[in-house]
Each structure stands twice: as structure tokens, then as C-alpha cells.
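Enquirer: In case it helps, UniProt numbering puts the sequence shown at residues 1 to 132.
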Amino acid sequence: MGFSRSHRQVLLKITQASASPIMVNQKPVGQLLLAGNVSATLLDSGNFMIREFGPGRVSGRVLWQSFDHPTNVLLPGMKIGFNLKTKKEVAVTSWISNQVPASGAFRLGLDPSGANQLLVWRMVKSTGPVES
1 MGFSRSHRQV LLKITQASAS PIMVNQKPVG QLLLAGNVSA TLLDSGNFMI REFGPGRVSG
61 RVLWQSFDHP TNVLLPGMKI GFNLKTKKEV AVTSWISNQV PASGAFRLGL DPSGANQLLV
121 WRMVKSTGPV ES
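#1: Pick helix, strand or coil for GLY114, following the three-state DSSP scheme.
#2: Kindly indicate the opening and closing residues of the beta strand (DSSP E) around GLN65.
#3: Mapping the DSSP letters down to three states, classify GLY81 as helix, strand or coil.
#4: Between GLN65 and VAL124, what straight-line distance do the alpha-carbon atoms span, to the nearest angstrom?
#5: In angstroms with no decimal places, state the Cα-to-Cα distance between VAL120 and LYS88.
#6: List the endpoints of the continuous beta strand (DSSP E) containing ILE50.
#7: With a cut-off of 8 Å on the beta carbons, I'd call ASN98 and VAL90 a contact; round off their distance for me.
#8: Note the first and the last residue of the continuous beta strand (DSSP E) segment covering ALA40.
#9: Can you check DSSP and say which residues form a bridge with GLY56?
#10: For GLY109, write down the residues that DSSP places opposite it in a beta bridge.
#11: Report buried or exposed for residue 137, applying the criterion of at least 16 other Cβ atoms within 10 angstroms of its Cβ.
Encoded structure:
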């Protein structure tokens with residue numbers, strides 16, 4: 001795992017020998033100041049967490065976690081709905097297939113009208129004007 005800082009932004013990325021890095025977090029410097037070491041852990045729940053540790057390995061704040069960024073799988077403990085911190089909707093979107101991880105035709109999320117219910121949307125891609 002790498003951490004780099006420039007005059008404009010802080011980058012948190014996962015790196016592996018001879019592979020492209022995975023950008024985990026890009027925030028302005030004022031929003032992400034690290035006081036200790038950073039650790040990445042895959043929990044038994046399936047949540048991949050990157051967190052800061054202070055002196056004596058005292059657990060600090062969570063910098064990023066996969067449960068906040070669901071893709072095509074909803075695991076126990078994950079939340080979908082509206083993230084009040086980031087002001088972003090959190091939903092699960094199907095893949096095209098097991099071999100093609102691009103966004104598929106279905107999405108699961110909370111009703112945007114505010115009703116306390118889950119909805120499944122079938123996404124329809126437009127190919128152009130409809131002729132009558």
C-alpha cells in the first residue's frame with residue numbers, strides 16, 4: 001500500500017509489483033492528514049478496510065472501506081440508501097455476467113421518494129429516437 005502527498009492532493013493507493021495501482025482515496029490535503037501508520041485488513045465479514053493506527057497500534061479512524069462502495073454484491077452488514085456524510089446514494093448494481101463486470105440491467109436501492117422501501121430498477125439503455 002502506498003501513500004503519497006503533493007501540494008494539492010493526498011493519494012491513497014494499493015500497489016503490487018508489476019501491476020497497475022488501485023486508487024483508493026483522492027482528497028484535498030486539508031481533508032486527509034495522517035498522524036500514524038496505515039493498515040489494510042480484509043475482515044471476516046468481507047469488508048476491506050483501510051485505517052489509520054496511532055502510536056502503540058491504537059486503532060484510529062477508517063480512511064476507506066469497501067462496504068461504503070458496494071458493486072454487485074450485498075453482504076450482511078452492508079448498507080444501501082443515502083450516505084449523509086458524502087451526500088451520495090449507495091446502491092447495488094448487477095453485472096452483465098459473471099465474466100463481464102460492467103454495470104448490468106438491474107439496480108437495488110432505497111426509494112428516492114423517501115418511502116421506506118427497497119426498489120429494484122431495470123435499466124434500459126437508449127439506442128436513439130423511437131420511431132412510430
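From the three backbone atoms N, C-alpha and C, an ideal C-beta is built for every residue, glycine too.
Expert: In short, the structure shows the following:
#1: coil
#2: 59-65
#3: strand
#4: Taking the straight line from one Cα to the other gives about 30 Å.
#5: Within the model, the alpha-carbon separation for VAL120 versus LYS88 is close to 18 Å.
#6: 48-53
#7: Not quite, the Cβ-Cβ distance comes to about 23 Å (not below 8 Å), so this is no contact.
#8: 37-42
#9: Its beta-bridge partners do not exist; DSSP assigns none.
#10: LEU119
#11: No information on residue 137 is available, as it lies outside the stretch 1 to 132 that the chain covers here.
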